[in-house]
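One structure is given here, and the rest of the page talks about it.
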Amino acid sequence: MSYPNDILSRMFGGYGGGKDETLLYPKEENQVQDTAEIEEVFQTNIFNVMLNRRSHRRFEDRPIEDSKLEMIFAAADTAPTAGGFQGFEIYHVKSQDVKLRLVEAANNQPYVNAPVVLVFCMNPERVKMNFPQNIIKKFSQQDSTLAAAYSQLAAHALGLSSVWIGMINEAKVMEVLKTNLVPSSILCIGYPKKMLQPKPKRNLKDLIHQI
Ligand SMILES: Cc1cc2nc3c(=O)[nH]c(=O)nc-3n(C[C@H](O)[C@H](O)[C@H](O)COP(=O)(O)O)c2cc1C
Numbered sequence: 000m001s002y003p004n005d006i007l008s009r010m011f012g013g014y015g016g017g018k019d020e021t022l023l024y025p026k027e028e029n030q031v032q033d034t035a036e037i038e039e040v041f042q043t044n045i046f047n048v049m050l051n052r053r054s055h056r057r058f059e060d061r062p063i064e065d066s067k068l069e070m071i072f073a074a075a076d077t078a079p080t081a082g083g084f085q086g087f088e089i090y091h092v093k094s095q096d097v098k099l100r101l102v103e104a105a106n107n108q109p110y111v112n113a114p115v116v117l118v119f120c121m122n123p124e125r126v127k128m129n130f131p132q133n134i135i136k137k138f139s140q141q142d143s144t145l146a147a148a149y150s151q152l153a154a155h156a157l158g159l160s161s162v163w164i165g166m167i168n169e170a171k172v173m174e175v176l177k178t179n180l181v182p183s184s185i186l187c188i189g190y191p192k193k194m195l196q197p198k199p200k201r202n203l204k205d206l207i208h209q210i
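When the letters of the sequence shown are read in order and numbered with numbering that gives the first Met the number 0, they come out as residues 0 to 210.
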């Protein structure tokens, strides 16, 4: 299978491999990425991915492959953003100590201590547009939220599960991360202990208001 606007090439420096220091997980010189392995786990039908995703809060104690993480980050990087300024940052929390402190900052929700913990923060400074500050803030909040949503769908497409954490004490999260950027959400990702059926959603007739 070939990918014309190839998301894989963004992550692995192309099918030929080769060392590229701009990559998050640079491969060794002449190391060829086994893309077949990655393609195997792809669920490429976006509608199936959206329909079958559901929140999971119990994860296997199993690490997530770097290749999958990289795709989740690359997905976040493709999200639309206000003016294309990408007014958000992602904190990838690896430290166990920091994860436990984030549990506290998230109303003691224990599943925040997940195999992969990503904190999406707003970065209004990146949004170089001549609008009032409240609009710029709103843009960066939307940028950050969209990036998290793209990451969540990508995780599901890769056979992982996740839960979105919005119940956070922003000040505490900022203190834990030692940042002055305001967090919008935490995305907790892992291999699910048990696959769950998607939850029923609203009837489209109730959801759509035709005017
Ligand atoms: C803005 C937002 C905030 C959320 N906050 C939390 C949270 O703090 N804790 C939690 O367990 N789930 C949280 N969730 C996950 C929702 O509970 C979940 O998406 C919802 O129950 C629908 O289930 P589904 O994701 O399986 O479709 C949040 C989701 C969103 C979009």
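Backbone N, C-alpha and C fix where the C-beta goes; we use that ideal spot for every residue, glycine too.
Closer than 7 Å: residue i CB and nearest ligand 1 heavy atom
{"i": "G165", "result": "yes"}
{"i": "K204", "result": "no"}
{"i": "K137", "result": "no"}
{"i": "K198", "result": "yes"}
{"i": "R56", "result": "yes"}
{"i": "V162", "result": "yes"}
{"i": "Q219", "result": "Not covered by the structure: residue 219. The range shown for the chain is 0 to 210."}
{"i": "R53", "result": "yes"}
Unbroken beta strand (DSSP E) run spanning residue i, endpoints
{"i": "H91", "result": "F87 to V92"}
{"i": "I71", "result": "Where I71 is concerned, there is no enclosing beta strand (DSSP E), although the alpha helix (DSSP H) it sits in stretches over D65 to D76."}
{"i": "I188", "result": "P182 to G189"}
{"i": "I164", "result": "S160 to I164"}
Sequence-distant residues of its chain with Cβ nearer than 7 Å to residue i (five each side left out)
{"i": "N106", "result": "M166"}
Contacting residues, own chain, Cβ-Cβ under 6 Å from residue i (five flanking each side not counted)
{"i": "I135", "result": "P123 and V126"}
Distance between residue j and residue i (C-alpha atoms, nearest Å)
{"i": "G13", "j": "T21", "result": "Bear in mind that a pLDDT of 47 at G13, under 50, signals an unreliable position, so the model cannot answer this."}
{"i": "Y90", "j": "F119", "result": "6 Å"}
{"i": "R61", "j": "Y190", "result": "7 Å"}
{"i": "A147", "j": "I210", "result": "31 Å"}
{"i": "L50", "j": "R201", "result": "13 Å"}
{"i": "D142", "j": "I185", "result": "14 Å"}
{"i": "G15", "j": "S66", "result": "With a pLDDT of only 46 at G15, under the threshold of 50, the placement of this residue in the model should not be trusted; the figure read from the coordinates follows. In a straight line, the C-alpha of G15 is about 16 Å away from that of S66."}
{"i": "L203", "j": "R57", "result": "30 Å"}
{"i": "S94", "j": "G82", "result": "34 Å"}
{"i": "A170", "j": "G86", "result": "19 Å"}
{"i": "S160", "j": "H55", "result": "6 Å"}
{"i": "R100", "j": "H208", "result": "43 Å"}
Contacting residues, own chain, Cβ-Cβ under 8 Å from residue i (five flanking each side not counted)
{"i": "M173", "result": "N179, L180, V181 and P182"}
Limits of the alpha helix (DSSP H) - the one that residue i falls within
{"i": "K200", "result": "Counting along the chain, K200 falls outside any alpha helix (DSSP H), and DSSP gives it neither H nor E."}
{"i": "L50", "result": "I45 to N51"}
{"i": "A170", "result": "E169 to L176"}
With a floor of 4 residues, list each alpha helix (DSSP H) that falls wholly inside the segment 85-154, ordered by position along the chain.
95-104
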